[in-house]
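Per the numbering used here, the sequence shown starts with residue 665, numbered consecutively.
Just so it is clear, CB atoms sit at the ideal spot from N, CA and C, and this is done for glycine as well.
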Amino acid sequence: QVVLEEGTIAFKNWVKTGTEVYRQFWIFDVQNPQEVMMNSSNIQVKQRGPYTYRVPFLAKENVTQDAEDNTVSFLQPNGAIFEPSLSVGTEADNFTVLNLAVA
Numbered sequence: 665q666v667v668l669e670e671g672t673i674a675f676k677n678w679v680k681t682g683t684e685v686y687r688q689f690w691i692f693d694v695q696n697p698q699e700v701m702m703n704s705s706n707i708q709v710k711q712r713g714p715y716t717y718r719v720p721f722l723a724k725e726n727v728t729q730d731a732e733d734n735t736v737s738f739l740q741p742n743g744a745i746f747e748p749s750l751s752v753g754t755e756a757d758n759f760t761v762l763n764l765a766v767a
């Protein structure tokens, strides 16, 4: 266990870790959407990917400590940066995907 107390090295490292994560996504692209919608054919899909995004761990914001409740509250900003050199396509690629909530 670590005590998160402002002014300590542990607190500083917790607020901003300095580590980045890479997230990769693969999409199942429907090749015959019209036939599937008309129930005249089995679905044909092609796996496309990876599409890679770098997710920097940004410093936590609005860090507040409540000594009475012994809690720490904060906002965690997020964002992702597309990495074309680690991806098979571009962010402009189009896909046809299933809407499983409706299917």
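Delimiting residues of the alpha helix (DSSP H) encompassing residue i
i: N677; result: 673-679
Where the beta strand (DSSP E) through residue i begins and ends
i: P720; result: 709-720
i: V694; result: 684-694
The ligand SAH heavy atom lying under 6 Å from the CB of residue i
i: K676; result: Inclusion of the ligand SAH in the displayed structure is not the case, the ligand content being empty and no account of it being possible.
Assigned exposure category for residue i - 16 Cβ within 10 Å defines buried
i: Y715; result: buried
Simplified DSSP assignment, three categories, for residue i
i: V747; result: What sits at residue 747 in the sequence shown is Glu, not Val. DSSP places E747 in coil when its eight states are reduced to three.
i: Q698; result: helix
i: F738; result: strand
i: D730; result: strand
i: E725; result: strand
Alpha-carbon spacing of residue i relative to residue j, whole angstroms
i: E699; j: T728; result: 55 Å
i: Q711; j: S737; result: 41 Å
i: D730; j: E670; result: 12 Å
i: S704; j: Q695; result: 14 Å
Same chain only: Cβ atoms within 7 Å of residue i, ignoring 5 sequence neighbours per side
i: P748; result: T754
Contacting residues, own chain, Cβ-Cβ under 6 Å from residue i (five flanking each side not counted)
i: G743; result: none
i: L750; result: T716
i: L739; result: E725, N726
Close Cβ partners of residue i (< 8 Å) along its chain, the five nearest in sequence each way excluded
i: I707; result: V694, N696, V700, L762
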